[in-house]
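A.B. asks: Following full-length UniProt numbering, the numbering of the sequence shown begins with 1 at its first residue and continues without gaps.
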Amino acid sequence: MTDRIVLAYSGGLDTSVAIGWIQEATGKEVVAMAVDVGQGGEDLETIRQRALDCGAVEAYVADARDEFAEEYCMPGLQANTMYMDAYPNVSALSRPLISKHLVAAAREFGAGTVAHGCTGKGNDQVRFEVAITTLAPDLDCIAPVRDLALTREAAIEYAEKNDLPIITTKSNPFSIDQNVWGRAVETGFLEDIWNGPTKDVYDYTDDPAFPPAPDEVVITFENGIPVAIDGEAVTPLQAIEKLNHRAGQHGIGRIDIVEDRLVGIKSREIYEAPGAITLIEAHRELERITLEREQLRFKRSVEQRWTELVYDGQWFSELKGSLDAFILDTQKHVNGDIRMTLHGGRAVVTGRKSPNSLYDFGLATYDEGQTFDQSAARGFIDIYGLSARVASDRNQRVQKQA
Ligand code: ARG
Numbered sequence: 001m002t003d004r005i006v007l008a009y010s011g012g013l014d015t016s017v018a019i020g021w022i023q024e025a026t027g028k029e030v031v032a033m034a035v036d037v038g039q040g041g042e043d044l045e046t047i048r049q050r051a052l053d054c055g056a057v058e059a060y061v062a063d064a065r066d067e068f069a070e071e072y073c074m075p076g077l078q079a080n081t082m083y084m085d086a087y088p089n090v091s092a093l094s095r096p097l098i099s100k101h102l103v104a105a106a107r108e109f110g111a112g113t114v115a116h117g118c119t120g121k122g123n124d125q126v127r128f129e130v131a132i133t134t135l136a137p138d139l140d141c142i143a144p145v146r147d148l149a150l151t152r153e154a155a156i157e158y159a160e161k162n163d164l165p166i167i168t169t170k171s172n173p174f175s176i177d178q179n180v181w182g183r184a185v186e187t188g189f190l191e192d193i194w195n196g197p198t199k200d201v202y203d204y205t206d207d208p209a210f211p212p213a214p215d216e217v218v219i220t221f222e223n224g225i226p227v228a229i230d231g232e233a234v235t236p237l238q239a240i241e242k243l244n245h246r247a248g249q250h251g252i253g254r255i256d257i258v259e260d261r262l263v264g265i266k267s268r269e270i271y272e273a274p275g276a277i278t279l280i281e282a283h284r285e286l287e288r289i290t291l292e293r294e295q296l297r298f299k300r301s302v303e304q305r306w307t308e309l310v311y312d313g314q315w316f317s318e319l320k321g322s323l324d325a326f327i328l329d330t331q332k333h334v335n336g337d338i339r340m341t342l343h344g345g346r347a348v349v350t351g352r353k354s355p356n357s358l359y360d361f362g363l364a365t366y367d368e369g370q371t372f373d374q375s376a377a378r379g380f381i382d383i384y385g386l387s388a389r390v391a392s393d394r395n396q397r398v399q400k401q402a
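1. Can you give me the C-alpha to C-alpha distance between D207 and H343, rounded to a whole angstrom?
2. Go ahead and label Q178 buried or exposed: buried means 16 or more other beta carbons lie within 10 angstroms of its beta carbon, across all protein chains shown.
3. Looking only at its chain, what residues have a beta carbon closer than 7 Å to the beta carbon of N89, apart from the 5 residues adjacent to it on each side?
4. Pick out whichever of F361, G224, I219 has its Cα sitting closest to the Cα of E232.
5. Quick check: is any heavy atom of ligand 1 less than 7 Å from the C-beta of G40?
6. Can you tell which of S357, G321, R346 has its C-alpha closest to the C-alpha of G336?
7. Assign Y384 to buried or exposed, taking buried as 16 or more other Cβ atoms, counted over all protein chains shown, within 10 Å of its Cβ.
8. With DSSP run on the structure shown, which of helix, strand or coil describes E281?
9. Answer yes or no: the CB of A155 versus the heavy atoms of ligand 1, is any distance below 7 Å?
10. May I have the straight-line CA-CA distance separating R284 from R352, to the nearest angstrom?
11. Going by C-alpha distance, which of R300, A62, G11, Q39 is nearest L52?
12. Return the first residue and the last residue of the alpha helix (DSSP H) that M74 is part of.
13. In or out: I193 buried (at least 16 other Cβ within 10 Å) or exposed?
14. How many Å lie between P355 and G379 at the Cα?
15. Check the C-beta distance from L97 over to Y72 and give it rounded, since I have them as a contact under 8 Å.
16. Please classify K242 as buried or exposed, where buried requires at least 16 neighbouring CB atoms within 10 angstroms.
17. For I142 versus A111, is the C-beta spacing smaller than 8 Å?
18. Per DSSP, F179 forms a beta bridge with which residues?
19. Going by DSSP in three states, E294 sits in which element: helix, strand or coil?
20. So what's P226 in DSSP terms, helix, strand or just coil?
21. Whose CA, out of W21, T134, V126, A247, lies closest to the CA of G313?
22. How many angstroms separate the CA atom of A8 from the CA atom of T290?
23. Could you tell me which uninterrupted beta strand (DSSP E) segments, each at least 3 residues in length, are contained entirely in the region 19 to 90, listed from first to last along the chain?
24. Under the criterion of a Cβ to heavy atom distance below 7 Å, does E191 qualify as lining ligand 1?
25. What are the start and end residues of each continuous alpha helix (DSSP H) run of 4 or more residues lying completely inside the region 95 to 145, in chain order?
26. Give the single residue among K332, C118, I156 whose Cα lies nearest to the Cα of F221.
27. Report the rounded CA-to-CA distance for I47 versus T119, giving the unit in angstroms.
28. Nearest to L135 by CA position, among A106, M74, G20, D63, is which residue?
29. Considering only the beta carbon of each residue, do H250 and P211 sit closer than 8 Å?
30. Using beta-carbon positions only, say whether D43 and D63 come within less than 8 Å of one another.
31. Keeping to the same chain, check which residues put their C-beta closer than 7 Å to that of I257; ignore five residues upstream and five downstream.
32. If we ignore side chains and look at the alpha-carbon of each, how far apart do T187 and N123 end up?
33. When the Cα atoms are used, what is the spatial distance from F128 to F316?
34. Can you tell which of G224, R261, D230, A276 has its C-alpha closest to the C-alpha of G248?
35. Just curious, the beta strand (DSSP E) that F348 is in, first and last residue?
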């Protein structure tokens, strides 16, 4: 049997050309696989047909939208994932899922090699290959754009020469990756980090400078997962989609940062993640009332590490698995409602309610009927401040002697 290669196929120029390019370079047949992670855009049947027209021996589409939302975005939400305090790991969350599907397809179609369309400068190549080697150490992995020197110019030339059914305009200068959790835009004039993003950079969000009237939304969580919006039951996928739409209208979740890549490059990135940012904002507030103080503090450092591991392509790693267990344990009381106002680029919390709340009105109130024993505070402060006082006494003593 001819050994086959399963290619992660997006329908774009690079991976379309890669089909023939790989076949010529390796003599192996190419099976194209497109994964639906809620990226929208072109119809996936059109994409599947294009892969066949470009020479793939088989082509298929995996609908992984619910799986992506449930098994990748929701853990991201429970971890309040925010790389460099700004980026909700949009692309980083999708790569392990696509890798899992690549491995499954390799098994199904009898392929010994898998391929992806990443360049040699980014994080995504690392994420794919580390995930694949963890899940299937026996599989080889190739990256035609990186390993077979498939440049953009060469790709366009190849497509024209071979009459491939793809649009080969040079008009879109951006490298875009999108899924239901958000959208990433890089390259082109954005590489000059003083250049502001123009209107055409955005797709998931409207300009927050001209927002419609404020929109009030109530999100209900169970164990840190959104289960209803305005009282209507939703799946995780529906929650993200609905909030992408509603928060997107208010320009929420636009992010413009210079980011540290794993490979040591600082790069300028524009993101849009209206649903993700709204959900994380709400989830964080619900944790503030349902997690005990020390647990909440400690979780912040776990989240940071979890986020770095996921960004760095360690989704299937041992440490990530251990941190998952901690995070999951913290979510058992994260139940309740968060009310927010969506307006002018921000999702602002205006109310919170939980059957597991640790907020005690009697302890907190400054009005009649308070239950906190204020006389106990003095003794607490005496002891709490004791070590600082002893050190200060010593410092004054030493100063006098000098
Ligand atoms: N910098 C982001 C990340 O590493 C986004 C990458 C987007 N990929 C792309 N091919 N445009 O997660």
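The C-beta atom is built at its ideal place from N, Cα and C for all residues, glycine as well.
Model, not experiment: these values are computed from the prediction.
C.D. replies: Considering the structure as presented:
1. Locating residue 207 in the sequence shown gives position 207, counting from the first residue. Locating residue 343 in the sequence shown gives position 343, counting from the first residue. Just so you know, the alpha carbons of D207 and H343 end up roughly 11 Å apart.
2. Translated into positions along the sequence shown, residue 178 becomes position 178. Label assigned to Q178: buried.
3. Working through the sequence shown from its first residue, we reach residue 89 at position 89. When the five nearest sequence neighbours on each side are left out, the beta carbons in the same chain lying within less than 7 Å of the beta carbon of N89 are those of G76, T81, Y83, T307, V310, Y311, in order along the chain.
4. For this step, residue 232 is matched to residue 232 along the sequence shown. Selected option, being the one with the closest Cα: I219.
5. Residue mapping note: residue 40 aligns to position 40 of the sequence shown, counting from 1. Checking the Cβ of G40 against ligand 1 gives no.
6. Indexing the sequence shown from 1 puts residue 336 at position 336. For the set S357, G321, R346, the Cα lying nearest the Cα of G336 is the one of S357.
7. Numbered from its first residue, the sequence shown carries residue 384 at position 384. For Y384, the number of other beta carbons within 10 angstroms of its own is below 16, and it is reported as exposed.
8. Residue numbering aside, residue 281 sits at position 281 when the sequence shown is read from its first letter. Of the three classes helix, strand and coil, the one that applies to E281 here is helix, per DSSP.
9. Counted from its first residue, the sequence shown places residue 155 at position 155. A155 Cβ: outside cutoff for every heavy atom of ligand 1.
10. Taking the first residue of the sequence shown as position 1, residue 284 is located at position 284. Taking the first residue of the sequence shown as position 1, residue 352 is located at position 352. Their Cα atoms are separated by approximately 11 Å.
11. The residue labelled residue 52 in the question sits at position 52 within the sequence shown. L52 has its Cα closest to that of G11, out of R300, A62, G11, Q39.
12. For this step, residue 74 is matched to residue 74 along the sequence shown. Counting along the chain, the alpha helix (DSSP H) containing M74 begins and ends at 74 to 78.
13. Within the sequence shown, residue 193 is the residue found at index 193, counting from 1. I193 is exposed by the Cβ-count criterion.
14. Numbered from 1 along the sequence shown, position 355 holds the residue referred to as residue 355. Numbered from 1 along the sequence shown, position 379 holds the residue referred to as residue 379. As the crow flies, the alpha-carbon of P355 is around 33 Å from that of G379.
15. Within the sequence shown, the letter at position 97 stands for residue 97. Within the sequence shown, the letter at position 72 stands for residue 72. The pair is a contact, with the Cβ atoms about 5 Å apart (cut-off 8 Å).
16. Numbered from its first residue, the sequence shown carries residue 242 at position 242. K242 is buried by the Cβ-count criterion.
17. To locate residue 142, count along the sequence shown from 1; it is residue 142. To locate residue 111, count along the sequence shown from 1; it is residue 111. Cβ distance not < 8 Å, so I142 and A111 don't count as in contact.
18. As a first step, residue 179 is located in the sequence shown; it is residue number 179 there, counting from the start. The identity of residue 179 in the sequence shown is Asn, whereas the question assumes Phe. Assignment of beta-bridge partners to N179 by DSSP yields G182.
19. Along the sequence shown, read from residue 1 onward, the residue named residue 294 stands at position 294. DSSP places E294 in helix when its eight states are reduced to three.
20. Start at 1 with the first residue of the sequence shown, and residue 226 comes out as number 226. In this structure, P226 counts as strand in the three-state DSSP scheme.
21. Translated into the one-based positions of the sequence shown, residue 313 becomes position 313. Answer by Cα proximity: V126.
22. Taking the sequence shown and counting its residues from 1, the one referred to as residue 8 is at position 8. Taking the sequence shown and counting its residues from 1, the one referred to as residue 290 is at position 290. If you draw a straight line from the Cα of A8 to the Cα of T290, it is about 41 Å long.
23. Within the region 19 to 90, the runs of beta strand (DSSP E) that reach at least 3 residues and sit entirely inside it are, in chain order, 29 to 36, 58 to 63.
24. Numbered from 1 along the sequence shown, position 191 holds the residue referred to as residue 191. Answer for E191: no, Cβ out of range of ligand 1.
25. Positions of the alpha helix (DSSP H) runs, each at least 4 residues long and wholly inside the region 95 to 145, are given as 124 to 135 in order along the chain.
26. Numbered from its first residue, the sequence shown carries residue 221 at position 221. It is K332.
27. Along the sequence shown, read from residue 1 onward, the residue named residue 47 stands at position 47. Along the sequence shown, read from residue 1 onward, the residue named residue 119 stands at position 119. Roughly 21 Å between the two C-alpha positions.
28. Stepping through the sequence shown from its first residue, residue 135 is reached at position 135. For L135, the nearest C-alpha among the options comes from A106.
29. What you label residue 250 is simply residue 250 of the sequence shown in a count that begins at 1. What you label residue 211 is simply residue 211 of the sequence shown in a count that begins at 1. Yes. Within cutoff.
30. Start at 1 with the first residue of the sequence shown, and residue 43 comes out as number 43. Start at 1 with the first residue of the sequence shown, and residue 63 comes out as number 63. Cβ distance not < 8 Å, so D43 and D63 don't count as in contact.
31. The sequence position of residue 257 within the sequence shown is 257, counting from 1. Excluding sequence neighbours, I257 sits near M84, A86, Y87, E269.
32. Here the question's residue 187 lines up with position 187 in the sequence shown. Here the question's residue 123 lines up with position 123 in the sequence shown. Roughly 15 Å separates the two Cα atoms.
33. Position 128 of the sequence shown, counted from the first residue, corresponds to residue 128. Position 316 of the sequence shown, counted from the first residue, corresponds to residue 316. Straight-line Cα distance between these residues: approximately 11 Å.
34. By 1-based counting over the sequence shown, the position of residue 248 is 248. Ranking the options by Cα distance to G248, first place goes to A276.
35. In the sequence shown, the residue the question calls residue 348 occupies position 348. The residue you asked about is not Phe; residue 348 is Val in the sequence shown. 346 to 353 is the extent of the beta strand (DSSP E) around V348.
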